[in-house]
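Reading through the structure tokens given below for one structure.
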Amino acid sequence: MLTRLLPAVLAACLFGTAALAQTAPPTRIRGTIASVEGQTMTVATREGPKVDITLNDPLTVSTVKKVDLASIGAGAYVGIATRTAANGEQQALEVLVFPEAMRGVGEGNYPWDLEPGSMMTNGTVTGTVQAASGHELTLSFKGNTGKIVVPPGAPVVTFAPAERADLKPGAPVMFGATKNAEGKLAASRVTVGKDGVAPPM
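The sequence shown begins at 0 in numbering that gives the first Met the number 0 and counts up one residue at a time.
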């Protein structure tokens, strides 16, 4: 059951559902777990302040695992956060290889908040070549194409299932949270790092 549900819940975690899009977009939380007590998880955010998150029931927990960049071939569906280099090329900050069941999720090119000025491109890989500054991927999305250079050292990951027990102090997390009826930030899905691999999104 978890395997069947994972693509849908991860899509909601990263990009929001249609219902959320019609109201308020989720707040992306990135940071490190400070504590978990009952239904409350406290996160030390990357910006500095700690925030309390109500963990909804049921709660879905996922993680990420490393993928060999060389294994990404034509036809793979990926999401790549990028920055614009001094020479104008798009350089990857991270690469997420989507499971096949998530093909089409968030397709397009749009602003992302991984760092100031970053963008996210979700699309199908149509070509791969070795470039001077890294591995160049050509992506096709919504009738457009774009070239992105993945420099050495850029994280390349895919999703994998995890458990609530993986939400431990010190673990890195990334997820979307929305305000509940009490006005508190709450989450139904959390992506947590484990085995030394942190969510790079």
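Beta carbons: idealized from backbone N, C-alpha and C, even for Gly. Please read all numbers here as calculations on a predicted model, not as lab measurements.
Alpha carbon to alpha carbon, what distance is there between residue j and residue i?
| i | j | result |
| --- | --- | --- |
| K146 | T137 | 4 Å |
| A33 | K167 | 8 Å |
| A20 | E114 | Confidence at A20 is low in this model, with a pLDDT of 36, below 50, so its placement is unreliable and no value can be given for it. |
| T31 | V191 | 9 Å |
| P171 | T41 | 12 Å |
| N86 | G116 | 16 Å |
| H134 | A69 | 9 Å |
| G182 | E36 | 19 Å |
| G47 | E106 | 31 Å |
| R197 | G142 | According to the sequence provided, residue 197 is Ala. The question's Arg does not apply to it. One C-alpha to the other measures close to 32 Å. |
| P25 | P151 | 32 Å |
| M101 | F140 | 15 Å |
| T144 | N108 | 10 Å |
| Q89 | F97 | 20 Å |
| K178 | K49 | 16 Å |
| T39 | N55 | 9 Å |
| V104 | N121 | 8 Å |
| G195 | G169 | 11 Å |
| P6 | V189 | Summary for P6: the model assigns pLDDT 44, below 50, so the residue's position carries little reliability, and this model does not support an answer. |
How would you write the range of the beta strand (DSSP E) that residue i sits in, first residue to last?
| i | result |
| --- | --- |
| A85 | First-last for A85: undefined, no H or E at that position. |
| R27 | 26 to 36 |
| L171 | Per the sequence presented here, residue 171 reads as Pro, with Leu not at that position. Per DSSP, P171 belongs to the beta strand (DSSP E) from 171 to 178. |
| F140 | 133 to 140 |
| G152 | Note, G152: premise wrong, no beta strand (DSSP E); not H, not E. |
| D51 | 49 to 65 |
| G74 | Premise fails: G74 is in no beta strand (DSSP E) and is neither H nor E. |
| G126 | 118 to 130 |
If residue i and residue j are in contact, beta carbons under 8 Å, what's the gap, nearest whole angstrom?
| i | j | result |
| --- | --- | --- |
| A176 | V63 | Contact doesn't hold; Cβ gap of about 19 Å is too wide. |
| T127 | G72 | 7 Å |
| A91 | A43 | In fact, because the Cβ distance is near 27 Å, the residues do not count as touching under 8 Å. |
| R29 | M173 | 5 Å |
| L95 | M200 | 6 Å |
Verify whether the separation of the beta carbon atoms of residue i and residue j is less than 8 Å.
| i | j | result |
| --- | --- | --- |
| V124 | V156 | no |
| A80 | E99 | no |
| A161 | V66 | no |
| A241 | I52 | Only positions 0 to 200 of the chain appear in this structure, which leaves residue 241 out of reach. |
| R27 | D112 | yes |
| V148 | A164 | no |
Run through the DSSP bridge pairs and tell me what residue i is partnered with.
| i | result |
| --- | --- |
| R188 | T59 |
| V104 | Bridge partners of V104: none, in fact. |
| E93 | A80 |
| P198 | P198 pairs with nothing; no bridge assigned. |
| K146 | T137 |
| A159 | T62 |
| A164 | Answer is none; A164 lacks a bridge partner. |
| K193 | V196 |
Just checking: is the beta-carbon of residue i within a distance shorter than 8 Å of some beta-carbon in chain C?
| i | result |
| --- | --- |
| V35 | Among the chains in the structure shown there is no chain C, since it carries only a single protein chain. |
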